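Going down the list, the sequences are from chains A and B.
Each residue of the first sequence is one higher than the one before, starting from 1 at the first, in the numbering used here.
Each residue of the second sequence is one higher than the one before, starting from 1001 at the first, in the numbering used here.
There are 2 protein chains.
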Amino acid sequence: MKTFNVALVGVTGAVGKEMLSILEERNFPVEKLIPLASARSRGKTVVFRDKKIPIQVLGEAHFSGIDIVLMSAGAGVSREYAPQAAEAGCLVIDNSSAFRLEEDIPLVVPEINPQAVYRDRVRNIIANPNCTTIISVLPLKPLHDHAQVTRVIAASYQAVSGAGAQAMRDLENQVCNYVEKKEPITQNSSHPFAFNLIPRIDKVLDNLYTREEMKLVWETRKILGDDSIRVTATCVRVPVFRSHSVAMTVETQHPVSRDTALKLFKGFPGLTVEDDPLNDIYPMPLYASGQDSCFVGRIREDISAPNSIHMWVVGDQLRKGAALNAVQIAELVAAEAQ
Amino acid sequence: MKTFNVALVGVTGAVGKEMLSILEERNFPVEKLIPLASARSRGKTVVFRDKKIPIQVLGEAHFSGIDIVLMSAGAGVSREYAPQAAEAGCLVIDNSSAFRLEEDIPLVVPEINPQAVYRDRVRNIIANPNCTTIISVLPLKPLHDHAQVTRVIAASYQAVSGAGAQAMRDLENQVCNYVEKKEPITQNSSHPFAFNLIPRIDKVLDNLYTREEMKLVWETRKILGDDSIRVTATCVRVPVFRSHSVAMTVETQHPVSRDTALKLFKGFPGLTVEDDPLNDIYPMPLYASGQDSCFVGRIREDISAPNSIHMWVVGDQLRKGAALNAVQIAELVAAEAQ
């Protein structure tokens, strides 16, 4: 079996850490692991397969001899280093938004468009989609194949993990301060996360949508390969640690009954149906955290319009929303090379 | 000035307590306050205008001589006691869902349909709408008057106060247990509130909507006096103490620009516009709590459909969502009697 030298850029971040453990968990054929981070992590180590490996500083290390680079250190870092790594012959799987919408860069959810990994690869960079998009697009795919999705209205309930490891510590600290009757400290957001909702994620654009909302619009179309799908979203940060939830209204060309939707979702990889609200069974972020599957429930026909269906989707932002999806892309690449 | 003997049923609950302080705050012309609660509160007192008043036990006390009864002790209690009180000559303002949809019972948001207080009153019971409905319907009213609302798609982010005072203590305890690394205790819900989202509020109905969701459908139509408005909703409990938030998509017969919506909202009583997302100004439940106004922001034209507009509305569930609205109804009744 062919093995691979794998570099992990941003290994100390929330997603980077998760990538490290998922590579080990899924027994990815790693020959040599090269952990990379900023100069702040100089001298630190990570543990992989019970071995301590020193972190190398990005910009000082060479990409030569590396087969696959998993990159999760923000769009700025990706814009600078992904092309360098690709030129050195690495295959880059990039978790940032830097390249996602470029025409000659594949944007891949392995359960949906695995073929894009092979078909569209000219620049040796594959983009990992936005976390909320990955979680939302999974149930959209079988609906789209069956009945042609025409419009999606999404309201997201996004965990603080999406704002990074420091934001998760912020929520933790804010909650501790609350218990100790101290003022909440906000270090990594304009407003406190704890006991609050922040209806702005990422930059505000000219059309007054946030970038996070427009990512859902743009990336959903690209992943499903259909620019005719109209998508709109309101993205909101909620005081949950690491699973995103999305309330979705999906309008289709042809009618989809609840029973058909249930059947479609049950037959789709990466999705688990939890839909027995009478018995309090529905997807919840507290329980989705740490799991690989995305969970779909509260499936019901929309009483306000024909050919419209509601669902509630929940997935671990750090796993399927980011690290797991990236490693799954690496697995496709590895399988291709065997 | 005419003064009134006012009874408060459910005075120890989250809404009852708020009613008590709002009556005092707004200087409602109370002649005598009669606090009523279940036998569990026997021997307890409440403080009103710096005076301790003993709580009377509901079912043992008489309604004769009482002018106005504010009732907030659940639909079962209302069904039993509201007709008794009305028959004894009291005007009942009922916060439960017991009578809201009955044809000869007014369902009133004073900023929207104050005339219903006089026009439809035959049974001496006025119903206070559901909390999420009150908060959602405020911005709908000026949109409806201006451009005829045809369809509303709502996703709610509802505070635990909506589940009562004990649920608020549950969230508090769960958060303390988290900090102390203990298991969360769930006493008043099937699942923990803390760091979680529960996409079910109230009973599940045959169409697989929850009662809470259908309240929004039914009550919005009744308050706006237009059964042609199609409404759909997904209602979700979030770990926030006492303000509800709603992401709304509102489709209208005639186009409404963002500028027009801003103007309409700014001119509408009970609404405050907070809409400068670039500068991190948008409604948030942490700051809306304790306030009388409902806050609207993230106003933008929906890119997925013509004649559709998005907004994000936040209001204190215990104040405008319940106690304040009920006292405002009492104020209309009091003004009528002057």
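Every residue, glycine too, gets a C-beta built ideally from N, C-alpha and C.
What you are looking at is a predicted structure, and each value in this text was computed from that prediction instead of being measured.
Check	Outcome
Start and end residues, beta strand (DSSP E) containing A/M71	68-71
Distance cut-off 7 Å: A/N196 Cβ against heavy atoms of the ligand COA	In the structure on display, the ligand COA does not appear, and there are no ligands present to speak of.
Three-state secondary structure assigned by DSSP to A/M19	helix
Cutoff 8 Å: B/N1196 Cβ touching any chain A Cβ	yes
DSSP state of B/C1235 mapped onto helix, strand, coil	strand
Partner residues on chain A for B/W1218, Cβ-Cβ distance less than 7 Å	Under the 7 Å cutoff, chain A gives no residues; its nearest Cβ is about 11 Å from B/W1218.
Residue environment, A/S72, which counts as buried when at least 16 other CB atoms sit within 10 Å	buried
N- and C-terminal bounds of the alpha helix (DSSP H) containing A/K266	258-266
Whole-Å CB distance - A/A155 paired with A/T234, under 8 Å assumed	5 Å
Contact set between B/F1241 and chain A, taken where Cβ atoms lie within less than 7 Å	F195
Those residues which DSSP pairs with A/W312 across a bridge	A/A247, A/G297
Start-to-end residues for the beta strand (DSSP E) that takes in A/A154	149-158
Which listed residue (B/F1241, B/I1105, B/L1197, B/R1121) has its alpha carbon closest to that of B/Q1166	B/F1241
Proximity below 8 Å, CB of A/A82 to CB of A/A98	yes
Minimum Cβ-Cβ distance from A/N207 to chain B less than 8 Å	yes
Residues from the segment 292-308 of chain A in contact with chain B, defined by Cβ distance under 9 Å	G297, R298, I299, R300, E301, D302, I303, S304, A305, S308
A/E212 burial status per 10 Å Cβ neighbour count (16 or more: buried)	buried
Among B/S1064, B/V1011, B/K1320, B/G1225, the one whose alpha carbon lies nearest that of B/R1040	B/V1011
Chain-order list of residues whose beta-carbon lies under 8 Å from that of B/A1088 (same chain, five-residue window excluded)	H1062, F1063, S1064, I1066
Nearest to B/K1181 (by Cα), restricted to the options B/N1188, B/Q1187, B/N1173	B/N1173
Residue-chain proximity (A/D94, chain B), Cβ-Cβ < 8 Å	no
Short Cβ contact (8 Å threshold) for A/A37 with A/S161	no
6 Å CB neighbourhood of A/E111 in its chain, flanking five on each side removed	P269, G270
Beta-carbon proximity check, A/I153 vs A/T232, cutoff 8 Å	yes
Enclosing alpha helix (DSSP H) for B/P1106 [first to last residue]	No alpha helix (DSSP H) holds B/P1106; DSSP gives it neither H nor E.
Pair within 8 Å by beta-carbon distance, A/M248 and A/V313	yes
Exposed unless 16 or more other CB atoms sit within 10 angstroms - verdict on B/I1055	buried
Assigned secondary structure, B/Q1291 (DSSP; H/G/I helix, E/B strand, else coil)	coil
Backbone secondary structure at B/P1277 - three-state DSSP	helix
Short CB-CB distance (under 8 Å) between A/Y118 and chain B	no
Amino acids of chain A, ordered along the chain, whose beta-carbon sits closer than 8 Å to that of B/H1310	T232, T234
Residues in the segment 1134-1162 of chain B having any Cβ partner in chain A nearer than 7 Å	R1151, I1153, A1155, Y1157
Whole-angstrom C-beta distance between A/I93 and A/L70, which should lie under 8 Å	5 Å
Whether B/P1199 touches A/Y287 by CB criterion (8 Å)	no
CB contact below 8 Å: B/V1313 versus chain A	no
Own chain, CB closer than 7 Å to A/L20, minus 5 neighbours either side, in chain order	L8, V11, V46, F48
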